[in-house]
Amino acid sequence: MNDRVTHAKQVLASQNIELPSWAFGNSGTRFKVFAQQGVPRDPFEKIADAAQVNAYTGAAGSVALHIPWDKVEDYAALAAHAEALGVRIGTINSNTFQDDDYMLGSVCHPDPAVRRKATAHLLECVDIMDATGSTDLKLWFADGTNYPGQDSIADRQDRLAEVLATVYDRLGDGQRLLLEYKLFEPSFYTTDVPDWGTAYAHCLKLGPKAQVVIDTGHHAPGTNIEFIVAILLREGKLGGFDFNSRFYADDDLMVGSADPFQLFRIMHELASQDVVGPDSGIAYMLDQCHNIEAKIPGQIRSVMNVQEATAKALLVDTEALSAAQASGDVLEANAVLMDAYNTDVRPLLAELRGELGLAADPMRAYAASGYAEAIREDRLGGQAAGWGA
Ligand code: PSV
Ligand code: MN
Ligand code: MN
Numbered sequence: 001m002n003d004r005v006t007h008a009k010q011v012l013a014s015q016n017i018e019l020p021s022w023a024f025g026n027s028g029t030r031f032k033v034f035a036q037q038g039v040p041r042d043p044f045e046k047i048a049d050a051a052q053v054n055a056y057t058g059a060a061g062s063v064a065l066h067i068p069w070d071k072v073e074d075y076a077a078l079a080a081h082a083e084a085l086g087v088r089i090g091t092i093n094s095n096t097f098q099d100d101d102y103m104l105g106s107v108c109h110p111d112p113a114v115r116r117k118a119t120a121h122l123l124e125c126v127d128i129m130d131a132t133g134s135t136d137l138k139l140w141f142a143d144g145t146n147y148p149g150q151d152s153i154a155d156r157q158d159r160l161a162e163v164l165a166t167v168y169d170r171l172g173d174g175q176r177l178l179l180e181y182k183l184f185e186p187s188f189y190t191t192d193v194p195d196w197g198t199a200y201a202h203c204l205k206l207g208p209k210a211q212v213v214i215d216t217g218h219h220a221p222g223t224n225i226e227f228i229v230a231i232l233l234r235e236g237k238l239g240g241f242d243f244n245s246r247f248y249a250d251d252d253l254m255v256g257s258a259d260p261f262q263l264f265r266i267m268h269e270l271a272s273q274d275v276v277g278p279d280s281g282i283a284y285m286l287d288q289c290h291n292i293e294a295k296i297p298g299q300i301r302s303v304m305n306v307q308e309a310t311a312k313a314l315l316v317d318t319e320a321l322s323a324a325q326a327s328g329d330v331l332e333a334n335a336v337l338m339d340a341y342n343t344d345v346r347p348l349l350a351e352l353r354g355e356l357g358l359a360a361d362p363m364r365a366y367a368a369s370g371y372a373e374a375i376r377e378d379r380l381g382g383q384a385a386g387w388g389a
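In case it helps, UniProt numbering puts the sequence shown at residues 1 to 389.
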């Protein structure tokens with residue numbers, strides 16, 4: 001047990017959970033954006049807020065950008081700003097879903113001119129990766145159709161493959177393309193990358209620099225996500241996660257808030273293959289929007305939720321589990337797993353934080369820091385940089 005705790009602490013001390021820049025700006029549903037005071041006015045301030053999350057958790061050393069929401073003149077300056085605050089720029093997320101031109105799709109659009117525009121944007125994102133030193137390009141397409149007959153399902157796949165190949169060829173050494181799937185939204189009849197199988201098939205054709213991203217909110221209710229994790233891992237095609245939580249659909253709630261057991265089951269698959277650490281090649285990221293809760297504490301809580309699920313997964317008695325599985329002892333195998341899940345790992349994480357020179361309770365420490373009050377004062381009257389801005 002002590003060895004297991006020591007190992008768990010080592011892994012947890014190195015764990016990185018990337019934060020989405022867009023979680024710090026105002027966001028909402030299609031019904032209402034509830035504006036908050038003190039939210040960032042530009043990407044530099046978003047990174048400053050993200051650096052606060054890292055300062056109190058020690059586990060959020062990178063920030064994902066979303067282009068053009070985070071468009072700046074000088075990306076090298078943005079990267080230097082991040083570095084000065086103790087974080088770095090991570091995944092570059094593309095956006096081919098907010099222009100009028102994209103009503104019928106972007107990379108799958110029937111008009112080659114629209115596809116060229118979308119392709120140019122994706123290539124610009126790779127330029128930004130070069131400027132920021134970022135290694136991962138994350139692609140999510142809102143492409144799809146609303147009515148049977150609206151467009152050819154097969155032709156749209158061909159168009160998608162062609163654009164992906166162009167972007168793939170532009171990637172430099174050490175750069176990757178991560179393809180994200182989503183079953184639903186915004187189209188109602190077909191979605192062009194609806195599931196892991198479609199994403200996997202495209203990535204397989206493209207080559208080793210193309211991998212699949214699992215956004216935990218993008219599946220049908222009841223989907224066994226940990227099974228998808230296991231399959232993609234086995235095939236060397238698991239590139240990363242967009243973590244969040246859902247009750248109904250793509251609710252983008254704080255990871256682990258709706259179903260902490262699901263998060264544990266996912267982390268168990270990863271821990272059992274020893275791919276939780278930063279050298280695993282898996283980009284662990286949050287993709288959430290906080291529309292009624294405060295943003296910085298919302299991210300701190302989310303990072304802590306991932307840490308708790310990871311700690312539990314790392315405490316699974318793997319020898320006992322293997323023995324029970326090998327002997328066909330169904331109840332014992334399940335009990336071993338549930339023992340780990342039911343362990344209160346908060347004292348272990350508090351102890352680890354102490355060893356790392358951090359406060360035992362990041363939520364309280366942040367609340368006591370006065371940062372929230374300071375940004376409310378400083379950023380008064382500014383134009384908030386929000387989701388969809
Ligand atoms: C789409 O629902 C998505 O999950 C993609 O990752 C987008 O880039 C992101 O949300 C925008 O919030
Ligand atoms: Mn996502
Ligand atoms: Mn989503």
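Just so you know, even glycine gets a beta-carbon here, dropped at the ideal spot from N, CA and C.
DSSP three-state assignment for Leu65, whether helix, strand or coil: Three-state result, Leu65: strand.
Once the 5 residues before and after Gly61 are set aside, which same chain residues still bring their CB inside 6 Å of it? Result list for Gly61: Asn16, Asn54 and Val87, in chain order.
I need the straight-line Cα distance from Asp143 to Pro110, nearest angstrom please. Cα-Cα distance, rounded: 11 Å.
Return yes when the Cβ of Lys209 is within less than 8 Å of the Cβ of Arg176, no when it is not. For Arg176 and Lys209, yes; Cβs fall inside 8 Å.
Reducing DSSP to helix, strand and coil, say where Ala359 ends up. Three-state result, Ala359: coil.
Rounded C-alpha distance that separates His121 from Val167: Cα-Cα distance, rounded: 10 Å.
Closer than 7 Å to a non-hydrogen atom of ligand 2 - does that hold for the CB of Glu185? Relative to ligand 2, the beta carbon of Glu185 is positioned no closer than 7 Å to any heavy atom.
Should the region 322-330 be regarded as contacting the region 283-290, the criterion being three or more beta carbon pairs within less than 8 Å? Not touching, per the Cβ criterion.
Pull up the distance between the alpha-carbon of Asn305 and that of Ala113, whole angstroms please. Cα to Cα, Asn305 sits roughly 44 Å from Ala113.
With distances taken Cα to Cα, identify the nearest neighbour of Ala374 among Asp49, Val5 and Pro20. Ranking the options by Cα distance to Ala374, first place goes to Asp49.
Could you spell out where the beta strand (DSSP E) holding residue 435 opens and where it closes? The question about residue 435 has no answer here: the residues shown for the chain are numbered 1 through 389.
Within 10 angstroms of its Cβ, does Thr119 collect 16 or more other Cβ (buried), or is it exposed? Classification for Thr119: buried.
What's the call for Leu380, buried or exposed, on a 16-neighbour Cβ count within 10 Å? Its Cβ having fewer than 16 others within 10 Å, Leu380 is exposed.
Using the three-state DSSP reduction, which class does Leu123 fall into: helix, strand or coil? Correct three-state label for Leu123: helix.
Val5 and Gly25: beta carbons closer than 8 Å? No, the pair does not count as a contact, with Cβ atoms beyond the cut-off.
Could you say which of Val316, Asn95 and Ile89 lies nearest to Glu180 if we only look at CA atoms? Out of Val316, Asn95 and Ile89, Asn95 has the C-alpha closest to the C-alpha of Glu180.
To which residues does DSSP link residue 401 through a beta bridge? The chain is shown from 1 up to 389; residue 401 falls before or after that span and cannot be answered.
Can you list, in chain order, the residues of its chain whose CB lies under 7 Å from that of Gln52, leaving out five sequence neighbours each side? Cβ-Cβ distances below 7 Å link Gln52 to Ile296, Tyr366 and Tyr371 in the same chain, with the five nearest sequence neighbours on each side left out; the list follows chain order.
Could you tell me which of Tyr200, Lys138, Ser152 and Pro362 sits nearest to Leu171, measuring between CA atoms? Selected option, being the one with the closest Cα: Lys138.
Report the residue from Gly197, Trp69, Asp344 and Asn146 whose alpha carbon sits nearest the alpha carbon of Val212. Per the C-alpha coordinates, the member of Gly197, Trp69, Asp344 and Asn146 positioned closest to Val212 is Gly197.
Would you call the region 126-140 and the region 70-80 touching, i.e. three or more CB-CB distances under 8 Å? Result yes; three or more Cβ-Cβ pairs closer than 8 Å.
By how many angstroms is the C-alpha of Gln37 removed from the C-alpha of Asn93? So the two alpha carbons sit approximately 26 Å from each other.
Taking 7 Å as the cut-off, is the beta-carbon of Glu180 closer than that to any non-hydrogen atom of ligand 2? Taking 7 Å as the cut-off, one finds at least one heavy atom of ligand 2 near enough to the beta carbon of Glu180.
Using a Cβ-based criterion (distance less than 7 Å to any ligand heavy atom), does Gly25 qualify as near ligand 3? Taking the Cβ of Gly25 as the reference point, every heavy atom of ligand 3 lies at 7 Å or farther away.
Where do the ends of the alpha helix (DSSP H) carrying Gly298 lie? Membership of Gly298 in the alpha helix (DSSP H) is indicated by the continuous run Lys295 to Leu314.
Neighbourhood of Cys125 by C-beta, 6 Å cutoff - its chain only, sequence neighbours within 5 removed: Excluding residues within five positions, the ones whose Cβ falls inside 6 Å are Ile67, Ile92, Ser94 and Leu137.
Between the C-alpha atoms of His7 and Ile228, what's the straight-line distance to the nearest angstrom? Near 26 Å, if we compare the C-alpha coordinates of Ile228 and His7.
Could you check which residue in Asp378, Phe261, Glu269 and Asp155 has the C-alpha nearest to that of Cys108? Taking each of Asp378, Phe261, Glu269 and Asp155 in turn and checking the Cα distance to Cys108, the smallest one comes out for Asp155.
To the nearest angstrom, how far is it from the Cα of Pro43 to the Cα of Cys289? Pro43 and Cys289: Cα-Cα distance of roughly 16 Å.
Using a Cβ-based criterion (distance less than 7 Å to any ligand heavy atom), does Trp140 qualify as near ligand 2? Yes.
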